[in-house]
Amino acid sequence: MKNAFTWLGCLAVLLTIVSFISAQDPIVGRWQRIQKSPDGDINLIFVFRADSTYDGIVNGKAFTTGRYFIKNDIISVSDNGCNLAYYGTYKLKYYAQDSLLFTAISDTCKERYQGANGLACKKLPKK
Amino acid sequence: MHEPEPATSLELGKRLFFDPILSGNRTISCGSCHKENLAFADSVAVSPGVNGRLGTRNTPSAMNMRFQESFFWDGRATTLEQQVLIPIENPVEMDLPVDSAIARLNTDAFYRQSFLRIFKELPSKSNLAKALSDFERSLETSDSPFDDWRVNDNEEAVSASAKRGFKLFNTKAKCIQCHFGPDFNNVEFRNIGLFDGKMHVDSGRSAISHRASDLGKFKIGSLRNIAITAPYMHNGMFKTLKEVIDYYDNPEAVIPNSMNRDTILTGTLQLTDAEKADIESFLISLTDRRFLK
Chain A
1 MKNAFTWLGC LAVLLTIVSF ISAQDPIVGR WQRIQKSPDG DINLIFVFRA
51 DSTYDGIVNG KAFTTGRYFI KNDIISVSDN GCNLAYYGTY KLKYYAQDSL
101 LFTAISDTCK ERYQGANGLA CKKLPKK
Chain B
128 MHEPEPATSL ELGKRLFFDP ILSGNRTISC GSCHKENLAF ADSVAVSPGV
178 NGRLGTRNTP SAMNMRFQES FFWDGRATTL EQQVLIPIEN PVEMDLPVDS
228 AIARLNTDAF YRQSFLRIFK ELPSKSNLAK ALSDFERSLE TSDSPFDDWR
278 VNDNEEAVSA SAKRGFKLFN TKAKCIQCHF GPDFNNVEFR NIGLFDGKMH
328 VDSGRSAISH RASDLGKFKI GSLRNIAITA PYMHNGMFKT LKEVIDYYDN
378 PEAVIPNSMN RDTILTGTLQ LTDAEKADIE SFLISLTDRR FLK
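Order-wise, the sequence lines are chains A and B.
For the first sequence, the working numbering assigns the number 1 to the initial residue and increments by one for each residue that follows.
For the second sequence, the working numbering assigns the number 128 to the initial residue and increments by one for each residue that follows.
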């Protein structure tokens with residue numbers, strides 16, 4: 001009897017997770033951009049998580065961490081490098097299922113604006 | 128001893144980095160002060176150069192230079208190619224005019240051949256700078272427990288204390304306002320209050336820029352591998368990370384009459400002992416795995 005309850009419990013948890021994943025925003029996952037530079041490639045990766053957090057990674061180094069939310073095709077982002085209390089906004093354009101372009105709407109954080117405006121990235125396959 | 132012959136500019140740069148041939152009396156190499164096992168930094172406040180001569184500044188880590196836009200505590204070099212030739216000529220470091228260094232390399236059979244093989248030309252100022260800077264650019268570290276946590280979502284990689292420390296670093300302790308980006312510094316020069324014109328007299332950036340507003344400003348130190356690069360600051364005045372954190376908590380208590388201290392650092396942070404320990408745990412989590420045994 002106890003076992004059956006455990007199983008039912010597990011099933012319920014699983015179902016919740018599955019429904020959550022299927023409702024997930026297409027941005028959730030890992031996105032990559034490789035930039036050429038005279039000193040070798042610069043490998044940028046952005047991890048957008050289902051819990052509304054994201055991280056930026058450059059050549060394997062975690063360099064920024066923050067929160068985001070999405071409404072229609074507009075993403076609002078705040079991160080520790082700029083100011084956790086301030087959200088910059090960008091327009092999202094998926095121009096193929098696995099390709100995403102960020103265009104600034106408004107962002108007073110200069111470093112983020114320079115890095116993110118016009119940024120195009122490709123989705124990485126799930127690990 | 129038979130080391131493999133260098134096949135690339137980077138490998139040649141590595142050989143040169145550890146070779147005292149580049150110092151006046153052939154006793155000091157870059158590696159004498161930038162010690163590999165200490166993340167290419169040194170464990171003393173001021174490292175001795177030729178004949179035990181002492182400068183006034185602490186040896187910073189020579190790792191993670193690739194994303195930097197200026198070099199030395201006062202930023203007096205703006206490219207690595209410029210940077211690498213300066214210690215060779217510096218009288219308190221290697222004390223050898225660069226022209227003499229080039230002449231030496233040209234009369235050394237091993238280096239003559241190596242430069243010819245790799246660069247198709249004899250040793251010169253520019254290919255020497257190229258080799259040393261290519262080696263420096265290879266010294267990137269991106270495999271710390273902190274990276275493992277953020278990059279791979281490995282929640283076990285760092286302790287709960289380090290996670291709390293990262294949060295404090297980003298908020299109450301205000302560290303993030305200066306230390307951010309892939310190497311936890313940024314391209315600016317700031318004054319954290321270590322200049323008082325009396326006991327603490329290194330004016331830093333202003334000697335280069337000739338701007339009064341730069342008085343006492345220094346390059347913001349990178350925090351990668353910081354746990355193994357003690358002592359700290361341009362003058363090596365703090366022996367432990369704990370001392371560094373105590374300083375930031377209440378700068379006035381350590382250097383009362385500092386000049387031009389950054390406005391972010393007026394007043395005290397009011398960190399509790401537990402919070403200080405958490406920030407230290409976070410800083411330790413920035414140590415690359417190659418240095419963790």
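Where is the CB? At the ideal position from N, CA and C, for every residue including glycine.
- With its beta carbon less than 8 Å from one in chain A, Ser269(B) belongs to the interface.
- Taking all protein chains shown into account, Arg30(A) has 16 or more neighbouring C-beta atoms within 10 Å of its C-beta and is therefore buried.
- When DSSP states are grouped into helix, strand and coil, Pro383(B) belongs to the coil group.
- Pairing Asn362(B) with Arg193(B) gives a Cβ-Cβ distance that is not under 8 Å.
- Every beta strand (DSSP E) of 3 residues or more that sits fully in the stretch 67-125 of chain A is shown, in chain order, as 74-79, 88-96, 99-106, 120-123.
- Looking from the CA of Phe167(B), the closest CA among Asn387(B), Glu196(B), Lys141(B), Phe316(B) belongs to Lys141(B).
- Boundaries cannot be given for Leu396(B), as no beta strand (DSSP E) includes it and DSSP labels it neither H nor E.
- In this chain, Ile148(B) is not harboured by any alpha helix (DSSP H), its DSSP state being neither H nor E.
- Under the three-pair Cβ rule at 8 Å, the stretch 280-289 of chain B counts as touching the stretch 405-416 of chain B.
- For Trp31(A), the three-state secondary structure derived from DSSP is strand.
- Our two residues, Asn352(B) and Val225(B), have alpha carbons roughly 31 Å apart in a direct line.
- Annotation: the stretch 356-382 of chain B contains the following complete segments of the alpha helix (DSSP H) (minimum length 4 residues), in chain order: 368-376, 378-381.
- By the Cβ-count criterion, Met326(B) is exposed, with fewer than 16 other Cβ atoms from all chains shown falling within 10 Å of its own Cβ.
- Taking a C-beta cut-off of 9 Å against chain B, the contacting residues of the stretch 57-70 of chain A are Ile57, Val58, Asn59, Gly60, Lys61, Ala62, Phe63, Thr64, Thr65, listed in chain order.
- Here Lys301(B) is near Ile391(B), since their CB atoms are less than 8 Å apart.
- Around the beta-carbon of Ala62(A), 16 or more other beta-carbon atoms lie within 10 Å, marking it buried.
- Listed by position along chain A, the residues whose Cβ is nearer than 8 Å to that of Pro147(B) form an empty set, because the closest Cβ is around 28 Å away.
- Not a single C-beta of chain A is nearer than 8 Å to the C-beta of Phe262(B).
- Between the beta-carbon of Thr108(A) and that of Gly118(A) there is about 17 Å, and that puts the pair past the 8 Å contact cut.
- Sequence-distant Cβ neighbours of Thr154(B) in its own chain, meaning closer than 7 Å and more than five residues away, are Pro147, Val177.
- The three-state secondary structure of Ile42(A), taken from DSSP, is strand.
- Collapsing the DSSP output to three states places Gly56(A) in a strand.
- Taking a beta-carbon distance threshold of 8 Å, Pro358(B) does not count as an interface residue toward chain A.
- Residue range 225-234 is occupied by the alpha helix (DSSP H) that includes Ile229(B).
- Chain A places a beta carbon closer than 8 Å to that of Pro309(B), counting this residue as a contact.
- Distances from the alpha-carbon of Glu220(B) to those of Val328(B), Val173(B), Phe307(B) put Val173(B) closest.
- Here Asp415(B) is buried, its C-beta having at least 16 other C-beta atoms within 10 Å.
- Lys122(A) is the residue among Gly81(A), Asp79(A), Lys122(A), Gly60(A) whose C-alpha sits nearest the C-alpha of Leu100(A).
- As computed with DSSP, Thr65(A) is found in a beta bridge with Asp55(A).
- DSSP lists Arg30(A), Asp55(A) as the bridge partner or partners of Val47(A).
- Ranked by Cα distance from Leu396(B), the first of Met386(B), Asn387(B), Asn377(B) is Asn377(B).
- Under the DSSP assignment, Arg264(B) falls in the alpha helix (DSSP H) whose first and last residues are 252-264.
- Interface annotation for the stretch 20-53 of chain A against chain B: Asp39, criterion Cβ-Cβ distance under 7 Å.
- Counting only Cβ-Cβ distances below 8 Å, Asn80(A) has contacts in chain B at Asn297, Ile303, Phe307, in chain order.
- Val328(B) and Glu263(B) do not touch by the CB rule: their CB atoms are close to 30 Å apart, not below 8 Å.
- Residues of chain A whose Cβ lies closer than 9 Å to the Cβ of Phe237(B) do not exist, since the nearest Cβ in that chain is about 27 Å away.
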